[in-house]
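Take a look at the structure below.
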Amino acid sequence: MSQPIELFADYEQIIDYYTIVGEWEIWLQHAKLGKSRVAIRIKQDRSGQYFHDVSHFYQPGKQSAPDVLEQPGQHSPEAAIRHAMNQLLTHYRADDADAEWIVNENY
3 MSQPIELFAD
13 YEQIIDYYTI
23 VGEWEIWLQH
33 AKLGKSRVAI
43 RIKQDRSGQY
53 FHDVSHFYQP
63 GKQSAPDVLE
73 QPGQHSPEAA
83 IRHAMNQLLT
93 HYRADDADAE
103 WIVNENY
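According to the numbering used here, the sequence shown holds residues 3 to 109 in order.
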């Protein structure tokens, strides 16, 4: 047996599986929201690609929903972290009085 995760391939009911590579929490300061904790999880699929999950999505004020980036597989954990940070901070403005953090129900 080379890797424990390969055991999942023995069960026809399982359609996909990932290995959790790491999980981190970061703290962001915001004028209205104060100090906010956001978590990032990096996982690897069975083909070797890396993906991320974030615990929250940033919703700028005057926007009806947060922007969620399309997520192609990444070649390294570092690239997946950079993609996660783009997800979190592309539209982030610490002075946006109407902004919100929306909980990612799939985290």
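Heads up, the beta-carbon is just placed ideally off N, CA and C, and yes, glycines get one too. Computed from a predicted structure; not experimentally measured.
{"query": "My guess is that V40 and H54 are in contact by the Cβ rule of under 8 Å, so how many angstroms apart are they, rounded?", "result": "Not quite, the Cβ-Cβ distance comes to about 12 Å (not below 8 Å), so this is no contact."}
{"query": "Over the uninterrupted alpha helix (DSSP H) stretch that includes L90, give me the two end residues.", "result": "79-91"}
{"query": "Please classify Q89 as buried or exposed, where buried requires at least 16 other C-beta atoms within 10 Å of its C-beta.", "result": "buried"}
{"query": "Cutting at 6 Å between CB atoms, please list the residues of its own chain near L30, excluding the five before and the five after it.", "result": "S38"}
{"query": "Using the C-alpha atoms, what's the distance from Q51 back to I16?", "result": "18 Å"}
{"query": "Q61 to I7, Cα distance in whole Å?", "result": "36 Å"}
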